[in-house]
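**Q**
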Amino acid sequence: MKKILVLPGDGIGVEVADQTIRVIDHLNTKNNLNIEYEKELVGGASYDVHGEALTPAVLEKAKEADAILLGAVGGSKWDNVERDKRPEAGLLGLRKELELFANLRPAIVFDALLSASSLKEEIVKGLDIVIVRELTGGVYFGQPRGIEEYEPGKQKALDTQIYFDYEIDRIARVAFDLAKKRNNKVTSVEKANVMETGVLWRQVVKKTHEDYSDITLENMLADNCAMQLVRNPKQFDVLVTDNLFGDLLSDCAAMLTGSLGMLPSASLGAEIDGKRNGLFEPVHGSAPDIAGENKANPIATILSFAMMLRYNLNQQDLAKNLEDVIQKVLNEGFRTADLYSSDDQTLVSCSKMGDLILERL
Ligand code: NAD
């Protein structure tokens, strides 16, 4: 028995989480998946009831759960709420308290959506890569930082790029473990030619690789990687990189696939007593412009659940089956409004997309 905490959040988060729960119910019944889930409030929905975006009770449940499925948080309704109580604070609180240091963003191009990519079809057809980004270290958090006056009337700004060996080792392990479940190749990305953190990154990854002799390791400079991602992205399997480079490269890779409504993600924590914290969520936000209209694309969230099946619940076959079913529904021409582009396609609502996926499962 596995326990999942479902946090639908705000706006379309609620709608896309509902469709994913239907998938969980279906797999529980048809495939004896044996997942128990509980729904709780987070974000603006939690603020409205409890006056805070993440209550201690929900945080406790999140820590106890085997995995967390999140919809999305946020909306203009809470724009004037104090910063530490805003919807986004709920999400940041979860990431911090669960020490989710590894962010996984797959970029998968479904055949039916080839034309949605900004690149030529032959470059992205069949693309299936994952970017593993270090999420809690590096230049976004390094101290000292600040803007100060160095002469009267003149200012300087300082950020510190800092990585500890253990931070590099643990993110490298996530990437190697992931590659084992995929195509056995890891590309480690840094700027060892000009940055000390890059030199240490490369050394530590090389050392960690000694425990993974069956995985091929390749090192690549971040600027070259940006070029390779748009020149020949299919050369990659798993890319592992720091917080800053990962931020840029994962957004770049996302555009290879075309649509925000299709992008899943996972954030993983350290493995403690055989259990690894994991938060699975779509990349998109709460889309206030279409919230409540049953127009949202639920696929990014359902694919996030597929990642949970694959990476946290050890159900690779079910994950693959779910991804294949989504591929099939798209191949048959069904599209939510964000993907709809021509008359030969069938425009469907969020819940109808859920129906179609369930029927084919
Ligand atoms: P957004 O991702 O919510 O929406 C951007 C555009 O994409 C909108 O036009 C929206 O309708 C469309 N879109 C997004 N997801 C879609 C889906 N599944 N199906 C169909 N269309 C979809 O980004 P935004 O408008 O910049 O932000 C809205 C709110 O969401 C803000 O409050 C922001 O802070 C929050 N946000 C939350 C998260 C999160 O919870 N992880 C991430 C990003 C933004």
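For the sequence shown, our numbering assigns the number 143 to the initial residue and increments by one for each residue that follows.
For glycine and all other residues, C-beta sits at the position ideal for the given N, C-alpha and C.
By alpha-carbon positions, which one of Leu261, Leu320, Glu293 ends up nearest to Arg275?
**A** Measuring from the Cα of Arg275, the nearest candidate turns out to be Leu320.
**Q** Using C-beta distances below 6 angstroms, list every residue in its chain close to Leu472, excluding the 5 sequence neighbours before and after it, in chain order.
**A** Phe252, Ala254
**Q** Thinking C-alpha only, which one of Asp480, Asp208, Ala408 is nearest Ala249?
**A** Ala408
**Q** Which whole-angstrom value is the C-beta distance of Gly185 and Gly235, which I expect to be below 8 angstroms?
**A** Actually they are not in contact, since the Cβ atoms of Gly185 and Gly235 sit about 10 angstroms apart, beyond 8 angstroms.
**Q** Can you give, in chain order, each stretch of the beta strand (DSSP E) that sits fully within the region 151-196 and has at least 3 residues?
**A** With a minimum length of 3 residues, the continuous beta strand (DSSP E) runs that stay inside the region 151-196 are 177-181.
**Q** Between which two residues does the beta strand (DSSP E) harbouring Arg418 extend?
**A** 417-424
**Q** Where DSSP assigns a beta bridge to Leu371, which residues make up the other side?
**A** Partner(s): none; Leu371 has no beta bridge.
**Q** Alpha carbons only, please: which of Ile414, Glu352, Asn335, Val341 is nearest the one belonging to Asp365?
**A** Asn335
**Q** Between which two residues does the alpha helix (DSSP H) harbouring Tyr308 extend?
**A** 307-322
**Q** Just the Cα atoms here: how many angstroms apart are Asn436 and Glu291?
**A** Annotation: Asn436 to Glu291 spans about 52 angstroms, alpha carbon to alpha carbon.
**Q** How many Å lie between Asn385 and Tyr308 at the Cα?
**A** 15 angstroms
**Q** Can you say whether Val191 is buried or exposed, counting buried as having 16 or more other CB atoms within 10 angstroms of its CB?
**A** Counting the other Cβ atoms within 10 Å of the Cβ of Val191 gives fewer than 16, which makes it exposed.
**Q** Roughly how many angstroms lie between the CA atoms of Val467 and Ile499, to the nearest whole one?
**A** 6 angstroms
**Q** In this structure, how does DSSP classify Lys267 when only helix, strand and coil are distinguished?
**A** coil
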